Amino acid sequence: MAADDIPLWLFADQLGPRVYAGQHTDRPILLIEADSALRRRRFHRQKLHLVLSALRHAKADLGERATLIRADTYTVALRRYGRPVLVHEPTSHAAERFVHRLRRDGLVADILPTPTFALPRSEFRQWAGDRKRFRLEDFYREQRRRFGILMDGAEPVGGRWNFDTDNREPPPKGRAALDVPPPYRPEEDDVDAGVRRDLDAMAIDTVGVDGPRLFPVTPAEADEALRQFIARRLPDFGRYEDAMMGADWAMAHSLLSVPLNLGVLHPLDAVHAAEQAYRDGSAPLAAVEGFIRQILGWREYMWQLYWHFGPGYLDGNQLGAHTELPDWWKDLDAGQVEAECLRQALSGVRMRGWAHHIQRLMVLGNHALQRGYQPRALSDWFASAFVDGFAWVMPTNVIGMSQHADGGKVATKPYASGGAYINKMSDHCGRCRFDPKKRLGPDACPFTAGYWAFVHRHQDLLRANMRTARAVSSMNRLADLDAVLDQERHRDAF
Ligand code: FAD
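Numbering (this note's numbering), first residue to last: 93 to 586.
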C-alpha cells in the first residue's frame with residue numbers, strides 16, 4: 093500500500109467517494125482541467141459543461157484537500173504539480189496506455205484498480221477464461237449470485253431470473269405523455285455560471301445547444317436523483333422501456349447514466365436502493381429486476397467486454413459499411429429531417445445530448461445500419477454527441493449491438509427493422525409525412541424501404557442466420573423490390 097501522503101489524481105469520470113474516500117481519506121487530491129481534452133473532438137456543448145461542472149464541484153466539495161490545475165495537457169499539469177501521484181486505472185485503452193507511460197516517466201507513482209464498477213476486471217478475466225461465446229444472461233446471473241442481489245439463498249427471488257423482457261408495452265393510447273412524476277432536475281449554481289462563462293470565452297467548436305444542466309454532477313446530487321427515481325419513477329420502469337412518445341423525452345427512464353459514468357454514483361448503490369424498494373414493497377419485482385439488469389447486467393457487461401475485446405474491436409466492419417456520416421447528422425440538424433421518429437431522436441440529442449435507449453438503438457442506430465454508416469465514425473459520433481458517451485461504453489453498444497460490425501459477438505442478429513416496429517412502439521408515425529406501411533412512392537417510409545434495401549444488401553449473411561432467414565424469404569416475395577431498391581439508392585429525404 094502506497095504511503096498515505098501520496099496524492100491521488102482523479103480523472104473526470106472518477107469523482108465519487110468510492111474513489112477518494114475510505115482508504116484514501118488522508119490523501120491530497122489532484123484534479124486537472126486539460127484544454128486539449130476538451131478540444132479533442134467536437135463534443136456536445138452540454139457534455140463539456142457537465143465534465144467541467146463535475147470537476148469544479150469536486151474541487152468545491154473537497155476544499156483545501158484538492159488542487160485543481162488548468163493546463164493545456166495532463167502532462168503539463170502533472171509537471172507543474174511537481175509530485176508523483178497515484179491514479180486509478182482509467183476507463184479507456186488510450187488513457188490506460190497514457191498512465192502507464194506517465195508511470196515510466198515517474199509522474200505516476202502507482203496505478204490502482206478502478207473502483208467505479210461493481211466487478212473487478214481481474215474477476216471478469218477469470219469468469220471469461222477461454223469462453224468463445226458471451227451471453228449477457230450468463231454474466232448477469234453470475235453477477236446476481238456474486239453480489240447477492242435479488243436472491244433467496246441460491247435461488248433468484250420470485251423463482252425466475254428474468255421478469256423484464258416479457259414486459260415491454262407500446263405507449264399508452266390516448267395520452268401524450270406517460271403518467272409518471274417528472275425526473276429529478278438539478279439546480280444550477282455559481283459553479284455552473286462560471287463554467288458557462290468560460291466555455292463561451294474558450295470558443296471551442298461544439299455541437300448541440302447550451303441548455304440548462306439536466307443531470308447530476310456531484311455525489312449529493314446523484315444521491316438525490318437516485319432517491320427520487322426510486323421513490324417516484326421506478327415502479328413504472330421497464331413496462332414502457334421500448335416505447336417512444338413525442339411529448340415525453342424522459343419516459344420512465346432513470347436518467348442516471350451521466351452520474352454513473354462520471355463516477356459520482358456507484359452502480360452497487362443504485363442496485364441496492366432498487367432492491368430495497370422491492371423488499372419494502374414500494375416497487376414491483378418486474379420493474380426492479382429490469383432496472384437491476386440494466387446496471388448490474390448490461391452496463392457492467394459492456395464495460396468488461398470493452399477490455400476483453402481490446403482496442404482492435406473498434407475497427408470491426410463485418411457488413412462492409414463505408415458511408416460517411418452526413419453533415420445534417422454530425423451537426424444534429426434535426427430541422428433537415430422529415431421522418432418524425434428520426435427528427436425527434438436527433439432533436440433530443442441536439443437539445444440535451446441525450447436520447448433514450450430505444451431511440452439510440454431502433455431509430456438512430458437502425459437508420460445508420462440501413463444506410464451503411466461507417467461504424468467507427470458512428471461510434472466516435474455517439475461518444476462525442478451524447479452527454480453520457482465515454483470511450484468504454486461505445487464499442488460494444490455501437491460497433492457490436494447496434495451495427496453488428498463485430499460479426500455477432502455481442503448480438504445474435506442485426507437490429508434492423510422497418511417502420512412497422514416504430515409505428516407499434518411509438519406515437520410518431522401518426523404525425524409523420526411518411527407512411528410506415530408504404531415502401532414505394534413519395535410517402536414511402538425511409539425505415540420500411542431502407543429495411544428491404546438492407547436485407548437485399550446483406551441477404552447472404554441474413555439467410556445463413558436462423559433468426560433472420562425469414563426476412564430474406566419475405567424480401568424475395570416482394571414484387572416491387574427492384575423499384576424499392578432503386579428508390580432507396582437515390583433517396584435524399586429522411
Ligand atoms: P435507463 O434506461 O434508466 O437504464 C438504467 C441504466 O442502465 C443506465 O443509466 C445505464 O447506466 C445502464 N445501461 C443500460 N443499458 C446499457 C448499455 N447497453 N450499456 C451501458 N449501460 C447501460 N449508455 C451510456 O451510458 N453511454 C452511452 O454513450 C451510450 N450509448 C449508447 C449507444 C447505443 C447505440 C446504444 C444502443 C446504447 C447506448 N447506451 C449508452 C446504453 C443506454 O442506451 C443508455 O445507458 C441509457 O439510454 C441511458 O439512459 P438512462 O440512464 O435513463 O437509462
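Idealized CB from N, CA, C, for every residue including glycine. A quick note: this is a predicted structure, and the numbers were derived from the prediction, not measured.
- Considering only H358, V191, G408, I322, the residue with the shortest C-alpha distance to Q368 is I322.
- Counting the other Cβ atoms within 10 Å of the Cβ of T117 gives fewer than 16, which makes it exposed.
- Going by DSSP, E125 is part of the beta strand (DSSP E) stretching over 121-126.
- Counting only runs of 4 or more residues that sit fully inside the stretch 476-548, the alpha helix (DSSP H) segments are 511-517, in chain order.
- In the pairwise beta carbon analysis, the stretch 131-138 is classified as touching the stretch 291-300: at least three pairs are separated by under 8 Å.
- For I161, DSSP records a beta bridge to I124.
- The nearest non-hydrogen atom of the ligand FAD is less than 6 Å from the C-beta of S346.
- Beta bridge pairing from DSSP links E247 with D244.
- Put simply, the stretch 384-401 does not touch the stretch 426-439. Fewer than three CB pairs are less than 8 Å apart.
- About 6 Å separates the CB atoms of V309 and L354; that is less than 8 Å, so the two are in contact.
- Boundaries cannot be given for I296, as no beta strand (DSSP E) includes it and DSSP labels it neither H nor E.
- Under a 10 Å Cβ-count criterion, M294 is classified as exposed, with fewer than 16 other Cβ atoms of the shown protein chains found around its own Cβ.
- Taking C-beta separations shorter than 8 Å and ignoring five residues to either side along the sequence, the partners of Q466 in its chain run N409, A413, H414, T415, E416, L417, following chain order.
- Our two residues, W395 and L318, have alpha carbons roughly 21 Å apart in a direct line.
- DSSP places I387 in the helix class (H, G or I) of the three-state scheme.
- Nearest Cα to A477 within the set R119, Y166, R238, H141: H141.
- Taking C-beta separations shorter than 7 Å and ignoring five residues to either side along the sequence, the partners of E316 in its chain run Y276, following chain order.
- Taking all protein chains shown into account, A563 has 16 or more neighbouring C-beta atoms within 10 Å of its C-beta and is therefore buried.
- Two segments are said to touch when three or more pairs of C-beta atoms, one from each, lie closer than 8 Å; by this definition the stretch 336-349 does not touch the stretch 202-211.
- When the beta-carbon positions are compared, P311 and P120 stay at least 7 Å from each other.
- Taking all protein chains in view, the Cβ of P304 is surrounded by fewer than 16 other Cβ atoms within 10 Å, so the residue is classified as exposed.
- The Cβ-Cβ distance between P487 and H496 does not fall below 7 Å.
- Within the stretch 251-338, the runs of alpha helix (DSSP H) that reach at least 4 residues and sit entirely inside it are, in chain order, 282-294, 311-320.
- When DSSP reads this structure, H180 sits in a beta bridge with L204.
- Less than 7 Å divides the Cβ of G511 from the Cβ of T540.
- Between G440 and S494, the beta carbon gap of about 16 Å keeps them out of contact (Cβ cut-off 8 Å).
- Shortest Cα-Cα distance from F103 to any of E125, W446, V429 involves E125.
- Burial state of A483 is buried, judged by a 10 Å Cβ sphere holding 16 or more other Cβ atoms.
- C-alpha of R391 to C-alpha of F307: approximately 18 Å in a straight line.
- Remark: C-beta atoms of N515 and C521 approach each other more closely than 7 Å.
- Within its own chain, the residues whose Cβ lies closer than 6 Å to the Cβ of L360, once the five positions on either side in sequence are excluded, are A210, listed in chain order.
- Taking a C-beta distance under 7 Å as the contact criterion, A375 and P327 qualify as a contact pair.
- Closer than 6 Å to some heavy atom of the ligand FAD: that does not describe the Cβ of S476.
- DSSP, read as helix, strand or coil, puts T415 in strand.
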